[in-house]
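First the structure, in the form of C-alpha cells, and then the observations on it.
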Amino acid sequence: MNSTLSSEDLDNDIRIQQVQQSAPDAVQFYISEENFNNDPYEIIQQKVVAFQPIKSKDDTRCDQASKDGGKKFENKKQIKCMRSVGTYVIQQIGRKILSGDMNLTKISFPIKAMIAKSALEKNLQSTIFFPLYINRAVQTVDYMEQLKLVITATIATFHINLSFHKPLNPILGETVEGFLSDGTKLYAEQISHHPPISQFYGVGRENTYKYFGNYCYEASAGLNSITLKNKGKRTIVFNGGQRIDYNFAYELYSGTIMGSMKVETLGVSTYQTNKGLTATLKFGKVKRKATDYFEGSINMGPQELCKIFGTYMGYIEFDGVRYWDHRHMYPHQVTIKPPFLPSDAQLRGDYTNLAALDIDKAQIEKENLENLQRHDAKLRTKFKEIRRKKEEKKKSHDHHD
1 MNSTLSSEDL
11 DNDIRIQQVQ
21 QSAPDAVQFY
31 ISEENFNNDP
41 YEIIQQKVVA
51 FQPIKSKDDT
61 RCDQASKDGG
71 KKFENKKQIK
81 CMRSVGTYVI
91 QQIGRKILSG
101 DMNLTKISFP
111 IKAMIAKSAL
121 EKNLQSTIFF
131 PLYINRAVQT
141 VDYMEQLKLV
151 ITATIATFHI
161 NLSFHKPLNP
171 ILGETVEGFL
181 SDGTKLYAEQ
191 ISHHPPISQF
201 YGVGRENTYK
211 YFGNYCYEAS
221 AGLNSITLKN
231 KGKRTIVFNG
241 GQRIDYNFAY
251 ELYSGTIMGS
261 MKVETLGVST
271 YQTNKGLTAT
281 LKFGKVKRKA
291 TDYFEGSINM
301 GPQELCKIFG
311 TYMGYIEFDG
321 VRYWDHRHMY
331 PHQVTIKPPF
341 LPSDAQLRGD
351 YTNLAALDID
361 KAQIEKENLE
371 NLQRHDAKLR
381 TKFKEIRRKK
391 EEKKKSHDHH
401 D
C-alpha cells in the first residue's frame, strides 16, 4: 500500500478524534483499513488485459494476520465496547445463550456495538475484486481458468471483509443499490425476517456476467466465541455459458470475552460448474500451518486437474502459480447510491443517527424499527391464519356440494 498520507487519511484522523470525543464507547467504522481502488473502466480494462500471475514465491501474510491463524483485532477501545456488549447480552439471556442452541440472529444487540452500515451494504462487498478477476474471466473461453478466477476473486476478499464490526440488521423489504467503477451494477434486498435472508444481484457491464444468491445467517455463542454460519448460496453465470454455484464456509469469532480477539474462516467451501468441473477448499486443516491456510483441488469427476493452496491472509496459488497476493492486488470501491426508494437502508432512523454519532437517539430509532417489524410479523401470521381458515371452509363447502 502507498505509505504516504492522502487527504482521505487526514479526514479519517479528524473523524477518529470526533468519534472519541462524541461517542467514546461506540464502535465506529470510519477508520479506513484499506485504500480501495476506484479506477475508471478504461484503466481497469488495461489492467485486465495485462494481468499476469505473480512471480513471488514467498510465504507472505498481511500485518493483520494472527500468529495462530485468522485476522486479529487490536483496537483496544472497540474491543472494550464489544466485550461490554457481549457481557450485557449474556447477562440478559443467561445460560440459554451458552448452550449453543440459541440463534443469535434473533437477539437484539445494543446500537453502540454496531456500525452505521446495513448488512446489505456489507454483502455487496463480496465483489471488491470483481473488476480485475471477473472481467478477466469474461475474456477467456477456458472454463477451468474462469473457475480459478472466480475462486481468487472470492478468497481475496476475506482479509478485508472479516471483521468484528457488526452492521445493522436489515428490515424486511429494505433495499440497497450500488455499483463498481467498471460499470457493474449491484442490488440487495431483505426478503425474509425469520430466518433472515438477504438476496443480492449483480450484472456486469454490457451483461457480460450475472452474479446472484443470498445470505442466510445463523449464529451461536460459546463461553468465549461466536460461530457464524451462512447457509446461503452464490452463483455466477458468464455469457459464454458457464455457471458456477458455490457456498460459504463458516466464521469463528474468538476472544469475545477474554484473550486475543480474532476471526477465522473455517470449514469447507465447494464450487460446482455446469461444465463438469468442481473445486473444494478446506480451511484451517493444513498441517503445521496457521488456521488461515487452505488447500484443495479442481477436479473433473474423479480426476484431479489442479491443486489449490494458500492463505486468505496473503495469497492463493493454483499448481504453484500465484493469482493473488495481498501486496500486489488491491480491492475496488463499492459505491452505494444515494437513497432513491423509500425502502433504501440509508433512510433508516437508526442508520442516520448512528452515522451522526447520536447513539442515544439511534438506539431509540432501532427499538422503534424492531417493534414495528414484530408488529408486522404478527399481522402476517394473523393474515395467514385467516386465509387458511377460509380455504378450509371452502374445501369443506365444496366437499358437501
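For the sequence shown, position 241 (counting from the first letter as 1) is numbered 241 according to the working numbering, and the numbering increases by one without interruption.
We put the beta carbon where it would ideally sit given N, CA and C, even for glycine.
Predicted model, so just to flag it, every value in this text is computed and none were measured.
Item: DSSP on L10, reduced to helix/strand/coil?; Value: With a pLDDT of only 38 at L10, under 50, the local geometry of the prediction cannot be trusted, and the value read off the model is given with reservation. Note: L10 maps to helix in three-state DSSP.
Item: For I257, which option in K233, G349, A279 and S225 has the closest C-alpha, if you only look at C-alpha atoms?; Value: S225
Item: Can you name the start and end residues of the beta strand (DSSP E) that Y143 belongs to?; Value: Looking at the DSSP string, Y143 is not in any beta strand (DSSP E); the run it does join, the alpha helix (DSSP H), is Y143 to I155.
Item: With a 10 Å radius around its C-beta and 16 neighbouring C-beta atoms as the bar for buried, classify K405 as buried or exposed.; Value: The structure shown has nothing for residue 405, since the chain only spans 1 to 401.
Item: If you draw a straight line from the alpha carbon of Q272 to that of G301, how long is it in whole angstroms?; Value: 11 Å
Item: Between the region 140-148 and the region 369-380, are three or more C-beta pairs nearer than 8 Å?; Value: no
Item: Considering only residues of the same chain and omitting the five flanking positions on each side of F248, which have a CB-CB separation below 6 Å?; Value: N230
Item: So, are the CB atoms of L180 and H332 less than 8 Å apart?; Value: yes
Item: Taking the alpha-carbon positions, what's the K282 to S297 distance?; Value: 9 Å
Item: Got a sec? Which residues, its chain only, sit under 8 Å from L10 by beta carbon, not counting five neighbours each side?; Value: With a pLDDT of 38 at L10, under the threshold of 50, the predicted position of this residue should be treated as unreliable, though the coordinate-derived value follows. None.
Item: Is S220 near the ligand ATP, judged by its Cβ being under 7 Å from some heavy atom?; Value: Here there are no bound small molecules, and the ligand ATP is not part of this structure.
Item: Counting beta carbon pairs with one atom in the region 119-134 and one in the region 274-281, are three or more of them shorter than 8 Å?; Value: no
Item: The alpha helix (DSSP H) that contains P167, what's its start and end?; Value: Per DSSP, P167 belongs to no alpha helix (DSSP H); it is in the beta strand (DSSP E), K166 to L168.
Item: Measure the C-alpha to C-alpha separation of E218 and T184 and round it to an integer number of angstroms.; Value: 29 Å
Item: Looking at the structure shown, is E295 part of a helix, part of a strand, or coil, going by DSSP?; Value: strand
Item: Are V237 and D344 close, meaning C-beta to C-beta below 8 Å?; Value: no
Item: For the region 57-69 and the region 194-202, state whether three or more C-beta atom pairs, one from each stretch, are separated by less than 8 Å.; Value: no
Item: Helix, strand or coil for N38, going by three-state DSSP, please let me know.; Value: coil
Item: Alpha carbons only, please: which of R243, G314, M329 and G310 is nearest the one belonging to G320?; Value: G310
Item: What are the boundary residues of the alpha helix (DSSP H) that L357 is part of?; Value: Element bounds for L357: n/a, residue is neither H nor E.
Item: Are the beta-carbon atoms belonging to Y250 and L266 less than 8 Å from one another?; Value: yes
Item: Excluding the 5 residues flanking I308 on each side, which residues of the same chain have their C-beta closer than 8 Å to its C-beta?; Value: I151, A279, L281, F294, E295, G296, S297, I298, I316, E317 and F318
Item: Considering only C-alpha positions, which residue in the set A156, N169, K378 and G70 is nearest to I107?; Value: N169
Item: Hey, how far is the Cα of I244 from the Cα of F212?; Value: 11 Å
Item: Counting along the chain, where does the alpha helix (DSSP H) carrying F340 start and finish?; Value: Taken as a continuous stretch (DSSP letters only), F340 belongs to no alpha helix (DSSP H), as it is neither H nor E.
Item: May I ask you to report which of helix, strand or coil DSSP gives E391?; Value: helix
Item: From K210 to T87, what does the alpha carbon distance come to, in whole angstroms?; Value: 43 Å
Item: Report buried or exposed for H159, applying the criterion of at least 16 other Cβ atoms within 10 angstroms of its Cβ.; Value: buried
Item: What does a CB cutoff of less than 7 Å around I54 pick up in its chain, not counting 5 residues either side in sequence?; Value: R322, D325 and H328
Item: Nearest to G259 by alpha carbon, out of I79, S56 and T154?; Value: I79
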